[in-house]
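Let me begin by presenting the structure, written as structure tokens, before commenting on it.
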Amino acid sequence: MEPIPTSGTIVAAEHVYHHINKHRIGHYKDCILSVIRGFRNGVLTGVRIRIPYIFQAVIYASLFRDAKSASRVKFVIKQMFFHGKNLGLFVGIYKAICCVFRHFGIKGGIDSLVAGFVGGYIAFGDSKSVSGSVNNQIVLYLFARALIGIIQGMVKRKIIPQTLSTTTPKGFRIFAAVTLALILYLTEYEPDTLNQGFMGTMTVLYHKSDSGPIFEKDDNKFLPILSLIVISLIGSVYPKLSLDNILTKLKL
């Protein structure tokens, strides 16, 4: 690979390095290698993200020893493969399209927007089966990150005040409050607009708690954890009993 020309030198287009990918415009070998490396990194990143969930499912299955828990282990393993495949495919598509745009000298953000749109449509667009469950998690997570990024961009451009930045205590509290207000409104008044699995959890939290016993039969397993959390609620009055201090004393 040729060295980057010094300032003042007339630089040919084919020798200009992209500021992110560090390969030259019009250099097809660099583009191909970039796509391959991107695919590899995407696959391995997706697999690494899912491995802790597999261990979690195995531990859960060993504790409860039922068919549902055992099938959950298989499901999480499948998710690992699809996460790796879909993320690797997306990165490969994205890098390939960006290479094409750079070849024609198109930049300024349009390259990332178009490449991201096409890659997202192809790699993360499936909403069915195991692949769909993985895509749903990824897209919702990224949507939240994008929303926070937009807020930070508005702070940077002074469209909204610095105090409302999600990186400040006050700003994050407001962000959390607005998010929970919207979710609970939808839960109570427009439940059909929410994902069924998510709505099932919300039903347990906010609807089934209106009736029934204070403690279920299986709650005994979690009584020590529940007790510690209840005690920690007075941590604001007695700091020594805050959850952080309790867990520190337990060497956790």
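Numbering follows this note's numbering, in which position 74 of the sequence shown is assigned residue number 80; successive positions increment by one, without gaps. Idealized CB from N, CA, C, for every residue including glycine. Keep in mind that this is a model prediction, so the values were computed, not measured.
Can you look up residue i in the DSSP assignment and give me helix, strand or coil?
i, result
"residue 254", "helix"
"residue 261", "Absent from the model: residue 261. The displayed extent of the chain is 7 to 258, so no value can be given."
"residue 244", "coil"
"residue 110", "coil"
"residue 71", "coil"
"residue 234", "helix"
"residue 239", "coil"
"residue 115", "coil"
Check whether the Cβ of residue i sits closer than 7 angstroms to any heavy atom of the ligand COA, and report yes or no.
i, result
"residue 155", "In the structure shown, the ligand COA is absent, as is every other ligand, since no ligand is present at all."
So, for residue i: in the same chain, excluding its five sequence neighbours on each side, which residues have a beta-carbon less than 7 angstroms away from its beta-carbon?
i, result
"residue 88", "136, 137, 140"
"residue 75", "66, 67"
"residue 35", "none"
"residue 63", "78, 79, 82"
"residue 145", "130"
"residue 227", "none"
Among residues of its own chain, excluding the 5 on either side of residue i, which ones have a beta-carbon nearer than 8 angstroms to its beta-carbon?
i, result
"residue 220", "none"
"residue 25", "With a pLDDT of only 47 at residue 25, under the threshold of 50, the placement of this residue in the model should not be trusted, and no figure is reported."
"residue 244", "none"
"residue 131", "141"
"residue 232", "225"
In chain order, what residues of the same chain have a beta carbon less than 6 angstroms from the beta carbon of residue i, not counting five sequence neighbours either side?
i, result
"residue 207", "none"
"residue 117", "104, 107"
"residue 170", "177"
Should residue i be flagged as near chain B, meaning a C-beta pair shorter than 8 angstroms?
i, result
"residue 143", "Protein chains in the displayed structure number just one, and chain B is not present."
Q: Could you tell me whether the segment 100-117 touches the segment 160-178, using the rule of 3 or more Cβ pairs below 8 angstroms?
A: no
Continuous alpha helix (DSSP H) assignments of at least 4 residues falling wholly in the segment 183-231: 202-212
>> Across the segment 82-96 and the segment 48-60, are there enough close Cβ pairs to call them in contact, namely three or more that are closer than 8 angstroms?
In response: yes
Q) Is it true that the segment 52-61 meets the segment 116-136, where meeting means three or more beta-carbon pairs spaced less than 8 angstroms apart? A) With a cut-off of 8 angstroms on Cβ pairs, the segment 52-61 is not in contact with the segment 116-136, counting fewer than three such pairs.
Taking three-plus beta-carbon pairs below 8 angstroms as touching, is the segment 40-47 in contact with the segment 95-106? yes
For this session: Please list the segments of the alpha helix (DSSP H) lying wholly inside the segment 27-58, counting only runs of 4 or more residues, in order along the chain.
Result: none
Problem - Minimum length 4: unbroken alpha helix (DSSP H) runs contained in the segment 118-195 - result: 135-162, 175-195
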